[in-house]
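Novice: I'd like to ask some things about the structure below.
Residue numbers (the numbering used here): 17 to 282.
Right, here's the structure in full:
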């Protein structure tokens, strides 16, 4: 009878216990549970951090520390990266760069190395929704009328709607002299703004395409067109004072400012 009670005691306290997922969502999970990690795009990588310490289970029923988190299952053509030993327990899951939109599941298992603290494995499923629409681009303004030799400045805002950060390439595709390329990192569910400036030395109306593409997959892409209307006349020059500095001598700065005010009336 005493032997049976002792075995029951070991089973009770050595059983798998709840662990806490810290990032990208915070949730307590038990063995077999599903954690919804949110939305990301093809080719993107999401980091999952799990608190190694538990307050129950183990040798004396007072908990202990899990030593490692292992990605035990991923969808076909996806990749999983296990955590290092001990803190922090952080695994990485990378989607197939050509993944179709839909829901996908991976499995993550927490292990007690050599079963030293008598903590049973805890395995949970990570649900990830793949969307091709995880980036937005906002440009202001999309049309600028300016004078010869005067700058036209566009504000470009990249919004990352996904649950993981990503690096994006911003390109201006148009006249070769106005080509532009820059890479920026945008954290999950946030925005970043950069500026694109061009100037022309003769009258012309030019359309340029501003494109934003994820470095993780070309499927994640958004573009918009902007127009620069360069005119060579007095009224255009007056209006241009609102976009940049006209080539006036320094002592004519007061007149320049005055002309800028007049330009707003037209």
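Heads up, the beta-carbon is just placed ideally off N, CA and C, and yes, glycines get one too.
#1: Might you give, ordered along the chain, the residues of its own chain that have their beta carbon closer than 8 Å to the beta carbon of residue 283, omitting 5 neighbours on each side?
#2: So is residue 201 buried or exposed if we call it buried at 16+ other beta carbons inside 10 Å?
#3: Using the DSSP secondary-structure output, state which residues sit across from residue 126 in a beta bridge.
#4: Please report the distance separating the alpha-carbon of residue 63 from that of residue 136.
#5: Cutting at 8 Å between CB atoms, please list the residues of its own chain near residue 239, excluding the five before and the five after it.
#6: Looking at the strands, I want to know which residues DSSP matches up with residue 182.
#7: Can the beta-carbon of residue 110 be found less than 8 Å from the beta-carbon of residue 145?
#8: Could you name the residues that DSSP lists as bridge partners for residue 42?
#9: Might you give, ordered along the chain, the residues of its own chain that have their beta carbon closer than 7 Å to the beta carbon of residue 83, omitting 5 neighbours on each side?
#10: Give the DSSP bridge partners of residue 105, in chain order.
#11: Reducing DSSP to helix, strand and coil, say where residue 93 ends up.
#12: What residue from 140, 243, 121 has the CA that sits closest to residue 48's CA?
#13: With DSSP as the reference, label residue 36 as helix, strand or coil.
#14: Relative to the C-alpha of residue 186, which residue among 231, 138, 75, 43 is closest?
#15: Is it right to say residue 197 is buried, meaning 16 or more other beta carbons lie within 10 angstroms of its own, or is it exposed?
#16: Indicate the three-state DSSP secondary structure (helix, strand or coil) for residue 240 in the structure shown.
#17: Are the CB atoms of residue 158 and residue 207 within a distance shorter than 8 Å?
#18: Are residue 222 and residue 190 touching if we call contact CB-CB under 8 Å?
Specialist: Answer, in terms of the structure:
#1: Residue 283 falls outside the range modelled here, since the chain spans only 17 to 282, and no answer is possible.
#2: By the 10 Å Cβ count, residue 201 comes out exposed.
#3: Secondary-structure assignment with DSSP links residue 126 through a beta bridge to 85, 138.
#4: C-alpha of residue 63 to C-alpha of residue 136: approximately 24 Å in a straight line.
#5: For residue 239, where only same-chain residues beyond five positions count, the Cβ hits under 8 Å are 153, 225, 226, 227, 228.
#6: Its beta-bridge partners are 202.
#7: Judged by beta-carbon spacing, residue 145 lies beyond the 8 Å limit of residue 110, meaning their Cβ atoms are not closer than that value.
#8: None, per the DSSP bridge assignment.
#9: Only 101, 102, 127, 128, 129 meet the Cβ criterion.
#10: Among the bridge pairs identified by DSSP, residue 105 is matched with 66.
#11: Of the three classes helix, strand and coil, the one that applies to residue 93 here is coil, per DSSP.
#12: Comparing Cα positions, the closest option is 140.
#13: The answer is strand: DSSP assigns residue 36 an E or B state.
#14: If you compare the alpha carbons of 231, 138, 75, 43 with that of residue 186, the shortest gap goes to 231.
#15: Exposed: under 16 other Cβ atoms inside 10 Å.
#16: DSSP places residue 240 in the strand class (E or B) of the three-state scheme.
#17: Contact: no.
#18: For residue 222 and residue 190, yes; Cβs fall inside 8 Å.
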